[in-house]
Amino acid sequence: MSLLYYVPGILLAAMLAAILPPTARRWLLLLTSLGFYGQLNCLFLPVLLGVIAVGFIGALLLEKRPPRTWLCAIFVVAALGPLLVYKYLPVWLDGLDHYLPVSSLDFGGYGAVLVPAGLSFFTFQVLSYLIDVHRGAYPADRNPVRFALFISFFPQLLAGPIERYQALAKPLWDNRRPTPDMVMSGLLLIAYGVFLKEAIGDRLGGIVDPAYLAAGSGGARGAVIGFLGFTLQLLADFGGYSLIAVGAGRLFGVELINNFKQPFFAETLTEFWQRWHISLTRWIGDYIYRPLGRFIVRSTSWPRGMKENVTAFITWTTIGIWHGAEATFVLFGAIQASLIVGQKALPHGWLKPQGAWRYLNMLVVFAVVVISFGLIRANTLPQYLDMLWALITLRPSQTGLSVGGSIWPAIAVMLIVEGVARFKPQWRPDGVWTRAALIFILIVAAVLLGDEDGRNFIYFRF
Amino acid sequence: MAATSSTSASNASAAKAPAASSPRRVALALAALAVALVAFDQLAGLALNWIWDRSSFNPVAHVRRAQPEILALGSSGGHYAIDPSVLGPNAYNASRDGQGGFYVAAMLNALPADTSVKRVIYALDTGDIADGLDGPNVKNLSQYTPWLARDPVLRDWLTARKPMEQYKLLSGLYRFRGLVIDVVRRWIKPRWVGGGYQPLQETMAPRPLPDLSADPARGPAPSGIAMLQHISRAAKARNIQLIVVVSPTYGYDRGSLPQNADVLAAMRTAFKDNAFCDLTQIQDSRFQAMRENRMHFADGSHVNAAGGRAYSLLLKDWIAQQCN
Numbered sequence: 018m019s020l021l022y023y024v025p026g027i028l029l030a031a032m033l034a035a036i037l038p039p040t041a042r043r044w045l046l047l048l049t050s051l052g053f054y055g056q057l058n059c060l061f062l063p064v065l066l067g068v069i070a071v072g073f074i075g076a077l078l079l080e081k082r083p084p085r086t087w088l089c090a091i092f093v094v095a096a097l098g099p100l101l102v103y104k105y106l107p108v109w110l111d112g113l114d115h116y117l118p119v120s121s122l123d124f125g126g127y128g129a130v131l132v133p134a135g136l137s138f139f140t141f142q143v144l145s146y147l148i149d150v151h152r153g154a155y156p157a158d159r160n161p162v163r164f165a166l167f168i169s170f171f172p173q174l175l176a177g178p179i180e181r182y183q184a185l186a187k188p189l190w191d192n193r194r195p196t197p198d199m200v201m202s203g204l205l206l207i208a209y210g211v212f213l214k215e216a217i218g219d220r221l222g223g224i225v226d227p228a229y230l231a232a233g234s235g236g237a238r239g240a241v242i243g244f245l246g247f248t249l250q251l252l253a254d255f256g257g258y259s260l261i262a263v264g265a266g267r268l269f270g271v272e273l274i275n276n277f278k279q280p281f282f283a284e285t286l287t288e289f290w291q292r293w294h295i296s297l298t299r300w301i302g303d304y305i306y307r308p309l310g311r312f313i314v315r316s317t318s319w320p321r322g323m324k325e326n327v328t329a330f331i332t333w334t335t336i337g338i339w340h341g342a343e344a345t346f347v348l349f350g351a352i353q354a355s356l357i358v359g360q361k362a363l364p365h366g367w368l369k370p371q372g373a374w375r376y377l378n379m380l381v382v383f384a385v386v387v388i389s390f391g392l393i394r395a396n397t398l399p400q401y402l403d404m405l406w407a408l409i410t411l412r413p414s415q416t417g418l419s420v421g422g423s424i425w426p427a428i429a430v431m432l433i434v435e436g437v438a439r440f441k442p443q444w445r446p447d448g449v450w451t452r453a454a455l456i457f458i459l460i461v462a463a464v465l466l467g468d469e470d471g472r473n474f475i476y477f478r479f
Numbered sequence: 152m153a154a155t156s157s158t159s160a161s162n163a164s165a166a167k168a169p170a171a172s173s174p175r176r177v178a179l180a181l182a183a184l185a186v187a188l189v190a191f192d193q194l195a196g197l198a199l200n201w202i203w204d205r206s207s208f209n210p211v212a213h214v215r216r217a218q219p220e221i222l223a224l225g226s227s228g229g230h231y232a233i234d235p236s237v238l239g240p241n242a243y244n245a246s247r248d249g250q251g252g253f254y255v256a257a258m259l260n261a262l263p264a265d266t267s268v269k270r271v272i273y274a275l276d277t278g279d280i281a282d283g284l285d286g287p288n289v290k291n292l293s294q295y296t297p298w299l300a301r302d303p304v305l306r307d308w309l310t311a312r313k314p315m316e317q318y319k320l321l322s323g324l325y326r327f328r329g330l331v332i333d334v335v336r337r338w339i340k341p342r343w344v345g346g347g348y349q350p351l352q353e354t355m356a357p358r359p360l361p362d363l364s365a366d367p368a369r370g371p372a373p374s375g376i377a378m379l380q381h382i383s384r385a386a387k388a389r390n391i392q393l394i395v396v397v398s399p400t401y402g403y404d405r406g407s408l409p410q411n412a413d414v415l416a417a418m419r420t421a422f423k424d425n426a427f428c429d430l431t432q433i434q435d436s437r438f439q440a441m442r443e444n445r446m447h448f449a450d451g452s453h454v455n456a457a458g459g460r461a462y463s464l465l466l467k468d469w470i471a472q473q474c475n
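In order, the protein sequence lines correspond to chains B and R.
The opening residue of the first sequence carries number 18 in this note's numbering; numbering runs sequentially from there.
The opening residue of the second sequence carries number 152 in this note's numbering; numbering runs sequentially from there.
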């Protein structure tokens, strides 16, 4: 999916939405969303519509009192069905891709991807809706168009943010016109998101892919390029997508969750996960961590610390498995769990130091994140371990891997913006002309510094 | 811009509407932004085009500067195999890694009518003709977008894989996408390589001679033939003699492989009206000895400095014997 067509598409749809009457506007948004998804592969549309149907019908049945947990479980499993089939069955059933529609998106160094783009993101939205209705948090929606629009709203359909029904369905349906301020800030977010994606994410992709292809033969330098480059690439790519989604939402008068809140300036790993992929971690907290914790507290007589640790371990392993059934993802979740649990054993002063020690903590957390994120990118566990060992033993490189100088200015811009947002949050460009000037600079920079071979957003594959 | 990456700040900025953000003011700002972008795009495009013509990133600038009589063109095979210092003082190697026949055609097209070049040694890659515009090297042409976009024929090649891309080329800046830093840097601090030759230094590890007998035969693609015809026309218009070679590969001669017979026949047909010297099927025991000696190779497809010198000495002999 090229941003060259996606961003003008957003602007065109936003302009049309602004002049259409309410009913036509709703249909425009729904049809644009379905058309947008269908152009990736029209055979994915039945999957999306099927998950929407399960959520819509399931909620109508689940709102009847008293709550029937078994019925909720059935609909949760039904909604999860496509995700389980696409994501986990191919690991055990070889050749399944001959019978299922395959993603038309190309993910460069990752190889082919079977999962329909964005499947887990819209599935999670349906699950939260089903569970909330089951819990009696709000009544089921009786309008299928409104519900379908909530699930398929195109700016956040493919990689989130994972929105809740109450936060998104009503504003979308109510046809709130964006304020002039929302338009300017939305355009600025889109421009910055495009800059991150094009000038950093895509270009780093071209540097990181060879490092993983070379694996251990890239030596310590290849491992640093692979681990550090991928972490920065991921922030630019996924963060860029999220900013474009939030900006596009504003052009339609709705506020979406921004998934990233300066994660690289976190002082603890727990804080990192409160700043990284925020809508997913909140979702996991609400629908896995806390319910699981309550269940373990009620049903076991273990010591409190053990209950917390087991809950954390299961939750984090689930997050790892959410990325995929491969060993690398499972290990990724287990490592995060171990580190977060282990972190609790440290003296409080170590976790929340004062003065300059804070920055040392940030560096340590960043290093831990960089090394563990290699597991998300590596194709196999031996490949990751080979690179890690090359790094530990400072093995010399046998390949000509290099970064090149031209990427650094763009990375510096990203880190400065992140740093200002973290340490000077009160500073922001409010004036119309200031924002217009920034949009101008970002567009020119994105055009000039972008990579010729554009890449798809990394998290579309999850 | 801090607000752009902060949830709280982004929410706050939506809620807080500065007094100045009236619809009229925003509309005015957006109109001004659009006009500024278009104007800047065109003006900056002109400036960058001017820089491009003078930057050592531009391969045409190298040839213009060197004013050679013998010009070697091709991909990496030709780049590492043809040592211009062996061929004579007026030889220049403008072959480029990852390029191919389309690049050769573009280079010939870029030479002025009164060019100093009298002979072009075309290090032919049979895959370019068999694959045509679907070949793996074609996408690397985008490295030279600023130059190719000026010519309608070359622009078609550039956008053949993605026809919608031609609309991007309406932009003055977009054609410098991903290149601008290198183009400007090599304009400020040019890197001119004497003779254009930068040999590989490493030597290949021992390995058995390859057996290619099972490889399938391939015919020419229509776009591959069109590319050859373009080379033919460009050479003829400039009165340039075409000397076609197949650069050495370890252990076998690509020019003699029966699988490549159709492709080479298409090349001969395309060049039949040119001043043309065909060195693709040389029978020379010295050549066989050269290509079976691993000390001449950096890898299976590329010779090293010693191999380049050995091959270029043979090439000089063949040209003297067969192309005068």
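From the three backbone atoms N, C-alpha and C, an ideal C-beta is built for every residue, glycine too.
Since the model is a prediction, treat every value here as computed from it, not as a measurement.
{"Check": "Whole-Å CB distance - residue 243 of chain B paired with residue 391 of chain B, under 8 Å assumed", "Outcome": "6 Å"}
{"Check": "Extent of the continuous alpha helix (DSSP H) to which residue 89 of chain B belongs", "Outcome": "86-104"}
{"Check": "Same chain only: Cβ atoms within 6 Å of residue 234 of chain R, ignoring 5 sequence neighbours per side", "Outcome": "348, 459, 460, 463"}
{"Check": "Member of B/69, B/97, B/375, B/213 whose CA lies at the smallest distance from the CA of residue 339 of chain B", "Outcome": "B/97"}
{"Check": "Neighbourhood of residue 256 of chain B by C-beta, 8 Å cutoff - its chain only, sequence neighbours within 5 removed", "Outcome": "210, 213, 276, 277"}
{"Check": "Beta-bridge partners of residue 243 of chain R, as assigned by DSSP", "Outcome": "R/222"}
{"Check": "Rounded Cβ spacing between residue 246 of chain B and residue 221 of chain B (contact assumed at less than 8 Å)", "Outcome": "5 Å"}
{"Check": "Residue 59 of chain B, DSSP secondary structure in three states", "Outcome": "helix"}
{"Check": "Closest residue to residue 258 of chain B among B/217, B/232, B/227 (Cα-Cα distance)", "Outcome": "B/217"}
{"Check": "Segment contact flag, the segment 355-363 of chain R with the segment 383-403 of chain R, C-beta cutoff 8 Å, min 3 pairs", "Outcome": "yes"}
{"Check": "C-alpha gap between residue 353 of chain B and residue 227 of chain R, whole angstroms", "Outcome": "46 Å"}
{"Check": "CB contact check: residue 323 of chain R to chain B, cutoff 8 Å", "Outcome": "no"}
{"Check": "Contact list for the segment 145-163 of chain B against chain R, Cβ threshold 8 Å", "Outcome": "none"}
{"Check": "Three-way DSSP call (helix, strand, coil) for residue 272 of chain R in this model", "Outcome": "strand"}
{"Check": "Per-residue burial, residue 311 of chain B [other beta carbons within 10 Å of its own, 16 or more giving buried]", "Outcome": "exposed"}
{"Check": "Residue 345 of chain B in three-state terms, based on DSSP", "Outcome": "helix"}
{"Check": "Top-ranked residue by Cα proximity to residue 386 of chain R, from R/242, R/273, R/250", "Outcome": "R/273"}
{"Check": "Candidates B/303, B/102, B/73, B/439: closest to residue 284 of chain B by CA position", "Outcome": "B/439"}
{"Check": "Closer than 7 Å at the beta carbon, the chain R residues around residue 467 of chain B", "Outcome": "328, 329"}
{"Check": "Residue 260 of chain R vs residue 305 of chain R beta-carbon contact at 8 Å", "Outcome": "yes"}
{"Check": "CA-to-CA distance, residue 430 of chain R to residue 230 of chain B, given in whole angstroms", "Outcome": "38 Å"}
{"Check": "Beta strand (DSSP E) runs wholly inside the segment 122-198 of chain B, at least 3 long, in chain order", "Outcome": "none"}
{"Check": "Complete alpha helix (DSSP H) runs within the segment 172-221 of chain R (minimum length 4 residues, chain order)", "Outcome": "174-205, 210-217"}
{"Check": "Coarse secondary structure for residue 313 of chain B, derived from DSSP in three states", "Outcome": "helix"}
{"Check": "Chain-order list of residues whose beta-carbon lies under 8 Å from that of residue 334 of chain R (same chain, five-residue window excluded)", "Outcome": "199, 202, 203, 206, 208, 209, 297, 327"}
{"Check": "Under 7 Å by beta carbon: chain B residues contacting residue 332 of chain R", "Outcome": "423"}
{"Check": "Residue 312 of chain R vs residue 289 of chain R beta-carbon contact at 8 Å", "Outcome": "yes"}
{"Check": "Simplified DSSP state of residue 392 of chain R, which is helix, strand or coil", "Outcome": "strand"}
{"Check": "Reduced DSSP category for residue 226 of chain B - H, G, I as helix; E, B as strand; rest coil", "Outcome": "helix"}
{"Check": "Residue 376 of chain B burial status per 10 Å Cβ neighbour count (16 or more: buried)", "Outcome": "exposed"}
{"Check": "Beta-carbon proximity check, residue 465 of chain R vs residue 438 of chain R, cutoff 8 Å", "Outcome": "yes"}
{"Check": "Amino acids of chain R, ordered along the chain, whose beta-carbon sits closer than 7 Å to that of residue 450 of chain B", "Outcome": "180"}
{"Check": "Residue 427 of chain R, DSSP secondary structure in three states", "Outcome": "strand"}
{"Check": "Status (buried if at least 16 other CB within 10 Å, exposed otherwise) for residue 191 of chain B", "Outcome": "exposed"}
{"Check": "Residue 284 of chain R CB to nearest heavy atom of the ligand GTP below 7 Å", "Outcome": "Summarising the ligand content, the structure contains no ligands, and the ligand GTP is consequently not present."}
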